[in-house]
Structures are given as structure tokens and as C-alpha cells.
Amino acid sequence: EAGVTQFPSHSVIEKGQTVTLRCDPISGHDNLYWYRRVMGKEIKFLLHFVKESKQDESGMPNNRFLAERTGGTYSTLKVQPAELEDSGVYFCASSLEVRNSPLHFGNGTRLTVT
Amino acid sequence: SQQGEEDPQALSIQEGENATMNCSYKTSINNLQWYRQNSGRGLVHLILIRSNEREKHSGRLRVTLDTSKKSSSLLITASRAADTASYFCATSPMKTSYDKVIFGPGTSLSVIP
Chain A
1 EAGVTQFPSH SVIEKGQTVT LRCDPISGHD NLYWYRRVMG KEIKFLLHFV
51 KESKQDESGM PNNRFLAERT GGTYSTLKVQ PAELEDSGVY FCASSLEVRN
101 SPLHFGNGTR LTVT
Chain B
1 SQQGEEDPQA LSIQEGENAT MNCSYKTSIN NLQWYRQNSG RGLVHLILIR
51 SNEREKHSGR LRVTLDTSKK SSSLLITASR AADTASYFCA TSPMKTSYDK
101 VIFGPGTSLS VIP
């Protein structure tokens, strides 16, 4: 089966610009998660979709971040406007079940805001 | 706040030796998972252990869970250079009806050939 794919793998933008990250989960996985790792620190939870619904978005840092999952398939994470502290690696993961199910991760998008 | 925390932060061993990493957490959990991350790649799931389980094995990996001490350990036996990676424990709090997987800061393992 195809794994979780993320696009782009790298993105360099200037402060104030907008960037949209995309994640395609494993087919059939209703659960989709976004995480980010900033400056090599811990991997922080951003939000969790079950199909197209946001189950938990408690980790979203502020209203400059908008995640969508229209139709319950792929997801996008938009940062608008980007700030310097948004630089980091953004990971997407998907899982089959909502409980006791391993997460399958993409390779991440490395975002650099200059 | 951080749920799980690995110990040590970094570990360097010779190929063939065993590597042990520990994870401590604060609140009651539904399950605990271990993941590996090679540089520049995504995380790879290793083992999931439920709160009512005490030990699980997968190949050269052995995971234990002690809920009374709120701790887990990951043992890699007969290590290989290819095991060099960062290892993360991740916990899902009991209080949620779904898995909210929270990661610790990780242990960086170096296996010297």
C-alpha cells in the first residue's frame, strides 16, 4: 500500500507570505494527524481529523494556522501570514482506528521562514 | 505539558551490544507506543503496548510497561549500525475517548560499527 505522502518536502518563504502544506493519508485511514517539530525540539501535536471533522485542534498555535480535510481524504495546513517562529518540520500521520492503532507518518515538510 | 520523557537523551554503544531506553510519563494512559526516526525521514512505528499489557516483543525489540511506576522501557538486543536513529515514546492519555498521541523529546541512539 502507498504510504502517507506530504508535499512539498521543503518550502522556503518570507515572513508574511502564505504557505499551504498537503498531506495524503493511507487510503482508508479515517484518522489524520498533524504534528510539528520546531528547532529540533519535541514533536508537538497540532490537530486530529476523523474523516472530515476536527476531533481535536487543541494544539494549533494560533489563528494563522488553518487545517482542512474536505471530503475526508487529503488534508491541507495553511499558514497565513507566516512568522519566523513557524519554521520547523511539519509531519502528517494517519491511522486506521481511533484507538490503539499505530500512526503512519509521512516524511514531513521542512518549512523555513526567512 | 509534556506527557512522556525519555531517558537517556543520548546513548552511544558498540555494535552487538544491547541498548535500553526508558520513558516516564505523568498521567494514566490507554496505550504507549515507541517510534523510530532516521535523520530526515518520518517516524516509523515500532511497538504499541496497551495499558493492560506488561511486555511485548517484536524481533530484536522488547518493550515493557509498568503502569504503577508510569514507566516503559525499550530494549534493542544485538544492536546494529542501522539501528542508529532517534527513538520516541508516545502516550495516549486515558481521559480521551480517542488516541491523542503525545510524543516525548526522544533518545538519540548511535551504534558504532
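Residue numbers (the working numbering), protein chains in the order written: chain A, 1 to 114; chain B, 1 to 113.
For every residue, glycine included, the Cβ atom is placed at its ideal position computed from N, Cα and C.
Predicted model, so just to flag it, every value in this text is computed and none were measured.
Q: Output, in chain order, the set of chain A residues within a Cβ distance shorter than 7 angstroms of I102(B).
A: Position 102 of the second sequence holds residue 102(B). Within chain A, the residues near I102(B) are F45.
**Q.** N- and C-terminal bounds of the beta strand (DSSP E) containing P93(B)
**A.** Looking up residue 93(B) in the second sequence gives position 93. Unbroken beta strand (DSSP E) run through P93(B): 85–93.
**Q.** Residues near K51(A) in its chain [Cβ-Cβ closer than 6 angstroms; skip 5 each side]
**A.** By one-based count along the first sequence, residue 51(A) stands at place 51. D30, G72, listed in sequence order.
Q | chain A contact for Y25(B) (CB, 7 angstroms cutoff) | A | Here residue 25(B) corresponds to residue number 25 of the second sequence, with the count starting at 1. Y25(B) does not count as touching chain A.
**Q.** Outcome for I112(B) when other beta-carbon atoms lying within 10 angstroms are tallied against a minimum of 16
**A.** Here residue 112(B) corresponds to residue number 112 of the second sequence, with the count starting at 1. With fewer than 16 Cβ atoms within 10 Å of its Cβ, I112(B) is classed as exposed.
Q | Expected contact under 8 angstroms - CB spacing of C92(A) and Q6(A) to nearest Å | A | In the first sequence, counting from the first residue as 1, residue 92(A) sits at position 92. In the first sequence, counting from the first residue as 1, residue 6(A) sits at position 6. With 8 angstroms as the limit, C92(A) and Q6(A) qualify as a contact, their Cβ atoms being about 5 angstroms apart.
Q) Any idea if P8(A) is buried or exposed, counting beta-carbon neighbours within 10 angstroms, 16 or more meaning buried? A) Along the first sequence, one-based indexing puts residue 8(A) at 8. Its Cβ having fewer than 16 others within 10 Å, P8(A) is exposed.
Q) Just the Cα atoms here: how many angstroms apart are S71(B) and R54(B)? A) Along the second sequence, read from residue 1 onward, the residue named residue 71(B) stands at position 71. Along the second sequence, read from residue 1 onward, the residue named residue 54(B) stands at position 54. So the two alpha carbons sit approximately 11 angstroms from each other.
Q.
Here's a check: name, in chain order, each residue in its chain whose Cβ is nearer than 6 angstroms to the Cβ of T77(B), leaving out the five neighbours to either side.
A. As a position in the second sequence, residue 77(B) is number 77, starting the count at 1. Excluding sequence neighbours, T77(B) sits near N18, R60.
(Q) Give me the chain A residues within the contact set of Q33(B), using Cβ-Cβ distance strictly less than 9 angstroms, ordered along the chain. (A) Indexing the second sequence from 1 puts residue 33(B) at position 33. Those within 9 angstroms of Q33(B) in chain A are P102, L103.
(Q) Buried or exposed, going by whether 16 or more other CB atoms sit within 10 Å of the CB of R41(B)? (A) Looking up residue 41(B) in the second sequence gives position 41. R41(B) comes out exposed.
Q) Expressed to the nearest angstrom, what Euclidean distance is found between the alpha-carbon atoms of Q80(A) and S110(B)? A) Stepping through the first sequence from its first residue, residue 80(A) is reached at position 80. Stepping through the second sequence from its first residue, residue 110(B) is reached at position 110. Q80(A) and S110(B): Cα-Cα distance of roughly 39 angstroms.
**Q.** Whole-angstrom C-beta distance between N31(B) and L48(B), which should lie under 8 angstroms
**A.** Translated into positions along the second sequence, residue 48(B) becomes position 48. Translated into positions along the second sequence, residue 31(B) becomes position 31. Their Cβ separation, rounded to whole angstroms, is 6 angstroms, which keeps L48(B) and N31(B) in contact under 8 angstroms.
Q | Inter-residue CB distance, V109(A) and L21(A) (contact presumed, cutoff 8 angstroms) | A | On the first sequence, residue 109(A) is found 109 positions in, with the first residue counted as 1. On the first sequence, residue 21(A) is found 21 positions in, with the first residue counted as 1. It is Thr, not Val, that sits at residue 109(A) in the sequence shown. At roughly 5 angstroms, the Cβ-Cβ gap stays under 8 angstroms, so T109(A) and L21(A) are in contact.
Q) Is any beta-carbon of chain A found at less than 7 angstroms from that of G42(B)? A) Within the second sequence, residue 42(B) is the residue found at index 42, counting from 1. Cβ-Cβ to chain A under 7 angstroms: yes for G42(B).
Q: Since I believe T67(B) is in contact with S51(B) (beta carbons under 8 angstroms), could you give me their beta-carbon distance rounded to a whole number of angstroms?
A: Position 51 of the second sequence holds residue 51(B). Position 67 of the second sequence holds residue 67(B). S51(B) to T67(B), Cβ: 6 angstroms. Contact.
Q | Span separating the alpha-carbon of T20(B) from that of L11(B) | A | Translated into the one-based positions of the second sequence, residue 20(B) becomes position 20. Translated into the one-based positions of the second sequence, residue 11(B) becomes position 11. If I take the Cα positions, the gap works out to 9 angstroms.
Q) Assuming S11(A) contacts V19(A) under a Cβ cut-off of 8 angstroms, what Cβ separation, rounded to an integer in Å, is found between them? A) The residue given as residue 11(A) occupies position 11 in the first sequence. The residue given as residue 19(A) occupies position 19 in the first sequence. Right, their Cβ atoms sit about 5 angstroms apart.
**Q.** Assigned secondary structure, E6(B) (DSSP; H/G/I helix, E/B strand, else coil)
**A.** Walking along the second sequence from the start, residue 6(B) turns up at place 6. Strand at E6(B).
Q) Any beta-carbon of chain B closer than 7 angstroms to the one on D24(A)? A) For this step, residue 24(A) is matched to residue 24 along the first sequence. Not one chain B Cβ lies under 7 angstroms of D24(A).
Q. Per DSSP, what kind of secondary structure is G16(B) in: helix, strand or coil?
A. Locating residue 16(B) in the second sequence gives position 16, where the first residue counts as 1. Correct three-state label for G16(B): coil.
Q. In three-state DSSP terms, what is G126(A)?
A. The structure shown has nothing for residue 126(A), since chain A only spans 1 to 114.
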